[in-house]
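Chains as they are written, first to last, in this note's numbering: chain A, 6 to 120; chain B, 533 to 647.
For glycine and all other residues, C-beta sits at the position ideal for the given N, C-alpha and C.
It should be emphasised that the depicted structure is a prediction, and the values quoted were computed from it without experimental measurement.
Let me begin by presenting the structure, written as structure tokens, before commenting on it.
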């Protein structure tokens, strides 16, 4: 099983809503990532969890709140978002957080639209 | 800081023709370099990676890339394009930060295959 599963695939929310994006992997990977991808742009790193601890936060606004309940799950809690936050949110995992040559396995993404 | 530059945001080739996608990198330390492919409405998938072993790297789907230190390049090639190769291609460099892996992506090159 080499899949990273993201739910929901599509999400539409208002600026006052609270919603969550979920990511799951069962490959035993110990690093998990959130990337944000705007249309026709490369993915931009938001957060990295290594061994269930937040190791990188790329100065992401606090309206995005990540959570790693266990080694298989990664959530991104969304609150008071802005229309410019509309994007494809990609989750990824890799086997060893300290292996800089490792492959990242990406999910298909959650496409978020903020009205 | 490490970065990659992809030359050409859009490349168009005929089916059966050579595919050449260009990537140049900047790094103060020996780089780890990757090529990822993204099909429409999908996540990213690793094509190949350079991790300081062989300079000519073979990947999936008939793609290969050559690491040239003197030219700071890591161009992606495929001898004969297939319609299924139409996708967005991202070159990336791996940077170590606080014990975690950070992938820095280039701007991407959209590959179109003409019948």
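Along chain B, in chain order, which residues have C-beta atoms closer than 7 Å to that of residue i?
i	result
residue 105 of chain A	564, 626, 628 and 633
For residue i, which three-state DSSP category applies?
i	result
residue 556 of chain B	strand
residue 615 of chain B	helix
residue 108 of chain A	coil
residue 593 of chain B	helix
residue 66 of chain A	coil
residue 113 of chain A	coil
residue 620 of chain B	strand
residue 603 of chain B	coil
residue 89 of chain A	helix
residue 77 of chain A	coil
residue 646 of chain B	strand
residue 98 of chain A	strand
residue 627 of chain B	strand
residue 563 of chain B	coil
Residues of chain B with CB under 8 Å from residue i, in chain order?
i	result
residue 52 of chain A	Residues of chain B passing the Cβ test: none, with the nearest at roughly 10 Å.
Going along chain A in order, which residues have a C-beta closer than 8 Å to the C-beta of residue i?
i	result
residue 581 of chain B	106 and 108
residue 640 of chain B	45, 46 and 47
Quick one: which chain A residues come within Cβ less than 9 Å of residue i?
i	result
residue 574 of chain B	111, 113 and 114
residue 588 of chain B	None at all; the shortest Cβ gap to chain A is about 17 Å.
residue 643 of chain B	The contacting residues do not exist; residue 643 of chain B stays about 14 Å from chain A at best.
residue 553 of chain B	Here the premise fails: no neighbours, minimum Cβ distance about 14 Å.
Taking C-beta pairs closer than 7 Å, name the residues in chain A that residue i reaches, listed in chain order.
i	result
residue 637 of chain B	47 and 48
Exercise for review: Pair every Cβ in the segment 597-610 of chain B with every Cβ in the segment 61-79 of chain A, then say whether three or more of these pairs are closer than 8 Å.
Suggested key: no
Practice item. Taking 8 Å as the threshold, find out whether the segment 30-48 of chain A comes into contact with the segment 548-563 of chain B through three or more Cβ pairs. Key: no
Practice item. With 8 Å as the C-beta to C-beta threshold (strictly closer), list the residues of the segment 607-623 of chain B near chain A in chain order. Key: When C-beta distances to chain A are compared with 8 Å, the residues of the segment 607-623 of chain B below that value are 622, in chain order.
Point to revise | the segment 634-642 of chain B touching the segment 535-549 of chain B, judged by at least three CB pairs closer than 8 Å | key: yes
**Study point:** Chain-ordered residues of the segment 537-551 of chain B with a beta carbon less than 7 Å from chain A
**Key:** none
Practice item. Residues of the segment 92-120 of chain A with a CB closer than 9 Å to any CB of chain B: list them in chain order, please. Key: 93, 95, 96, 97, 99, 101, 102, 103, 104, 105, 106, 107, 108, 109, 110, 111, 112, 113, 114 and 116
**Study point:** Contact the segment 100-118 of chain A vs the segment 573-587 of chain B: 3+ CB pairs below 8 Å
**Key:** yes
Point to revise | Near-chain B residues of the segment 47-71 of chain A - C-beta to any C-beta below 7 Å | key: Answer in chain order: 47, 48, 50, 53, 55, 60 and 61.
Review point. Residue ranges of each alpha helix (DSSP H) run of no fewer than 4 residues wholly in the segment 10-68 of chain A, ordered along the chain?
Key: If you keep only unbroken alpha helix (DSSP H) runs of at least 4 residues inside the segment 10-68 of chain A, you get nothing at all.
Review point. With a cut-off of 8 Å, do at least 3 Cβ pairs link the segment 604-619 of chain B to the segment 96-104 of chain A?
Key: no
Review point. How about the segment 26-37 of chain A and the segment 77-92 of chain A: do they share at least three Cβ pairs that are nearer than 8 Å?
Key: With three or more CB-CB distances shorter than 8 Å, the segment 26-37 of chain A counts as touching the segment 77-92 of chain A.
Review point. Would the segment 587-598 of chain B and the segment 7-19 of chain A be scored as touching if the rule is three or more Cβ pairs under 8 Å?
Key: Contact check between the segment 587-598 of chain B and the segment 7-19 of chain A: fewer than three CB pairs, one atom from each, fall below 8 Å, which does not count as touching.
Point to revise | Meets three-Cβ-pair contact criterion under 8 Å: the segment 608-625 of chain B and the segment 564-572 of chain B | key: yes
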